[in-house]
Amino acid sequence: MLAAQALDALDMAGRRRTLRAYDRDGIRLRLPDGNVLVDVASNDYLGLAQDPGIIDRAAEYVARFGAGSGASRLICGTLTAHREVEEKLAAFLGTEAALLFGSGFQANATLLPALAELLGGEAELLVDRLSHASILNGAFSHGVKAKRFRHNDLNHLEDLLKEGSGPRMVVTESVFSMDGDRADLAAIADLADRYGAPVYLDEAHAIGVLGPEGRGLAAELPGRIAVTMGTLGKAFGGFGAYVAGSRLLIDYLTNRCAGFLYTTAPPPAVLGALDAALDVIPSLDMERMRLASMADAVRMAVQAIGYDTGASSTQIIPVIAGTEQAALGLQQILEMAGFLAVAIRPPTVPAGTSRLRLSLSAALDDHTAGQLLTVLSCLPPPGLGLPG
Ligand code: PMP
Numbered sequence: 000m001l002a003a004q005a006l007d008a009l010d011m012a013g014r015r016r017t018l019r020a021y022d023r024d025g026i027r028l029r030l031p032d033g034n035v036l037v038d039v040a041s042n043d044y045l046g047l048a049q050d051p052g053i054i055d056r057a058a059e060y061v062a063r064f065g066a067g068s069g070a071s072r073l074i075c076g077t078l079t080a081h082r083e084v085e086e087k088l089a090a091f092l093g094t095e096a097a098l099l100f101g102s103g104f105q106a107n108a109t110l111l112p113a114l115a116e117l118l119g120g121e122a123e124l125l126v127d128r129l130s131h132a133s134i135l136n137g138a139f140s141h142g143v144k145a146k147r148f149r150h151n152d153l154n155h156l157e158d159l160l161k162e163g164s165g166p167r168m169v170v171t172e173s174v175f176s177m178d179g180d181r182a183d184l185a186a187i188a189d190l191a192d193r194y195g196a197p198v199y200l201d202e203a204h205a206i207g208v209l210g211p212e213g214r215g216l217a218a219e220l221p222g223r224i225a226v227t228m229g230t231l232g233k234a235f236g237g238f239g240a241y242v243a244g245s246r247l248l249i250d251y252l253t254n255r256c257a258g259f260l261y262t263t264a265p266p267p268a269v270l271g272a273l274d275a276a277l278d279v280i281p282s283l284d285m286e287r288m289r290l291a292s293m294a295d296a297v298r299m300a301v302q303a304i305g306y307d308t309g310a311s312s313t314q315i316i317p318v319i320a321g322t323e324q325a326a327l328g329l330q331q332i333l334e335m336a337g338f339l340a341v342a343i344r345p346p347t348v349p350a351g352t353s354r355l356r357l358s359l360s361a362a363l364d365d366h367t368a369g370q371l372l373t374v375l376s377c378l379p380p381p382g383l384g385l386p387g
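Okay, so the sequence shown: first residue is 0 according to numbering that gives the first Met the number 0, each after it adds one.
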């Protein structure tokens, strides 16, 4: 199919996307037409992307080490600063070692094949059905054997564990990105243990936000989760990702993970931002508590007018509208009221569950959070006033 035909098909389905560019000023985004929207869409959960301390350290590392790292890690791209922040990150996570990646997508897409290889040729990955596209990419390509279990359904997971006999690994997320619900990690770890399967956990939306001092959900179960990964472009406010686990595991990945080996090492600015974020994140308990109570208030406001927020129990809140048009209608209403939240539609979420994804940040001040609650309380109830 030609690109023009493919785009026409997307147009016909009302799913053609275009990029909008913004200028950012803290939590406010300015559009080219001068309109200003409060950001309740990004994943900068602690506001660290705009934090002066983080920005200064990133600038300091650029001044000291340069704009780029110049080579892949095993050639000569590894600076002392990479080693230092990886050690600091492992200490924060409570693991023996950690390794940086260029992005979360790159990490999941290449770690899973490398781990499947480590487990042996017949290894099978058992993956939560609602896992992020990067996990699905890593598990269902490169000749990896994988099956999906129904979202957070431990009975289904157990059925799949019973079926096989070769090495298996359970793959899930701490917090699901489009639903804001959590995996029952303790139960998953127990089940996986019973079948001798290691657990791989994506902490993208939990790290910095949940767990003791923001150390993620794996930190609540010390020593139980074999492999954790997380992203550094969300609550950490920077860019990139990590994988963490035993020293041996990290040494193996240093040698065998294509997404680590064949790519330029993360640049100094990213290392500086990460170094500074690691200094402050453990002390942000007040911000984490504010974020959790803001999320409770938002859920109550939208549920009061009849919207389903699924099993959300975190800073990510889906306002489930049903049809794509209804979700887009909610996005438009919020935008007219000065807030940017994005409608999420198939194929990202199943048909009939299109939603407005609210993604809250501790950087929202009380006044603005109050305005958001007022706007949400005035939304037309589901099925009323919105097409579909
Ligand atoms: N895992 C999850 C659960 C995510 O939500 C995302 C991105 N939104 C990623 C991985 C990919 O991370 P990155 O943006 O760093 O590529």
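Glycine included, every Cβ here is placed at the ideal spot set by N, Cα and C.
Would you check if there are 3 or more beta carbon pairs closer than 8 Å linking the stretch 95-111 to the stretch 223-241? yes
Where F302 falls, given that 16 or more other Cβ within 10 Å makes a residue buried: With the sequence shown as reference, residue 302 is identified as Gln, and Phe is not the correct amino acid for it. The residue in question, Q302, is exposed, as its Cβ has fewer than 16 Cβ neighbours within 10 Å.
In the DSSP assignment, find the alpha helix (DSSP H) that holds K233 and state where it starts and stops. First-last for K233: undefined, no H or E at that position.
Those residues which DSSP pairs with A97 across a bridge: A243
Please indicate yes or no: does the CB of A268 lie closer than 8 Å to some heavy atom of the ligand PMP? no
Report the three-state DSSP secondary structure of T177 (helix, strand or coil). Correcting the residue identity first, residue 177 is Met in this sequence and not Thr. Reduced to three states, the DSSP call for M177 is coil.
Residue range of the unbroken alpha helix (DSSP H) whose run includes L333: The continuous alpha helix (DSSP H) containing L333 extends over residues E323 to M335.
Can you have a look at L18 and say buried or exposed, based on whether 16 or more other CB atoms are within 10 angstroms of its CB? Burial call: exposed.
Quick one: what's E71 bridged to in DSSP? The question names Glu, but residue 71 is Ser in the sequence shown. Answer is T263.
Under 7 Å Cβ to Cβ from G338, same chain only, skipping five residues before and after it: list those, please. Note on residue identity: the sequence assigns Phe, not Gly, to residue 338. Shown here for F338: same chain residues with a beta carbon closer than 7 Å to its own, the five before and five after excluded, namely L36, V37, V39, L371 and V374 in chain order.
The stretch 87-95 in contact with the stretch 118-127 per 3-pair CB rule at 8 Å: no
Need the endpoints of the alpha helix (DSSP H) that Y44 sits in, please. Taken as a continuous stretch (DSSP letters only), Y44 belongs to no alpha helix (DSSP H), as it is neither H nor E.
Nonlocal neighbours in the same chain, by C-beta distance under 7 Å from A66, ignoring five residues either side: Excluding residues within five positions, the ones whose Cβ falls inside 7 Å are P266.
Compute the minimum distance between the beta carbon of N42 and the heavy atoms of the ligand PMP, and state whether it is under 8 Å. yes
Sorted by chain position, which residues of the same chain lie with C-beta nearer than 7 Å to R298's C-beta, five sequence neighbours on each side aside? T308, S311 and I316
On the DSSP letters alone, give me the boundaries of the beta strand (DSSP E) that F148 sits inside. Element bounds for F148: K144 to F148.
Exposed or buried, what is A12 when buried is set at 16 or more other beta-carbons lying within 10 Å of its beta-carbon? exposed
Taking C-alpha atoms, which residue in S164, A272, D278 and A240 lies nearest to T109? A240
Validate contact between the stretch 158-177 and the stretch 186-204 using beta carbons, cut 8 Å, 3 pairs: yes
At a threshold of 8 Å, does F238 count as lining the ligand PMP (C-beta to nearest heavy atom)? Yes, since a heavy atom of the ligand PMP falls inside the 8 Å radius drawn around the Cβ of F238.
Below 8 Å, is the gap between the Cβ of I134 and the nearest heavy atom of the ligand NAP? Although the ligand NAP was asked about, the structure shown includes only the ligand PMP as ligands.
May I ask whether a heavy atom of the ligand PMP can be found less than 8 Å away from the beta carbon of E172? yes
Nearest-angstrom Cα separation, counted from E219 out to L247: 22 Å
Taking only the alpha-carbon atoms, compute the straight-line gap between N42 and R193 and give it to the nearest angstrom. 35 Å
Check whether the Cβ atoms of Q105 and G258 lie closer than 9 Å to each other. yes
Excluding the 5 residues preceding and the 5 following R29 in the sequence, name in chain order all residues of the same chain whose CB lies nearer than 7 Å to its CB. Y21, D22 and V35
Using 8 Å as the cut-off, classify the Cβ of G210 as near or not near the heavy atoms of the ligand PMP, replying yes or no. no
Which residues DSSP lists as bridging L248, in chain order: Bridge partners of L248: none, in fact.
Whole angstroms are fine: how far does the CA of R287 sit from the CA of A294? Cα-Cα distance, rounded: 11 Å.
For my contact list, L88 and L277 are in at a C-beta cut-off of 8 Å; report their separation, rounded to the angstrom. Indeed they touch by this definition, with Cβ atoms about 6 Å apart.
Minimum C-alpha distance to D127 - residue among A243, N151 and A272: When each option's Cα is compared against that of D127, the closest is N151.
C-beta contact flag for S133 and N154 at 9 Å: no
Of all the options A300, P346 and Y60, which has the alpha carbon lying nearest to the alpha carbon of T79? When C-alpha distances from T79 are compared across A300, P346 and Y60, the shortest belongs to Y60.
What I want to know is whether the C-beta of T347 ends up closer than 8 Å to one or more non-hydrogen atoms of the ligand PMP. no
Cβ-Cβ separation, L355 to V318 (assumed contact under 8 Å), whole Å: Between L355 and V318 the Cβ distance is about 4 Å, and since that is below 8 Å, they are a contact.
Using C-beta distances below 7 Å, list every residue in its chain close to F175, excluding the 5 sequence neighbours before and after it, in chain order. L129
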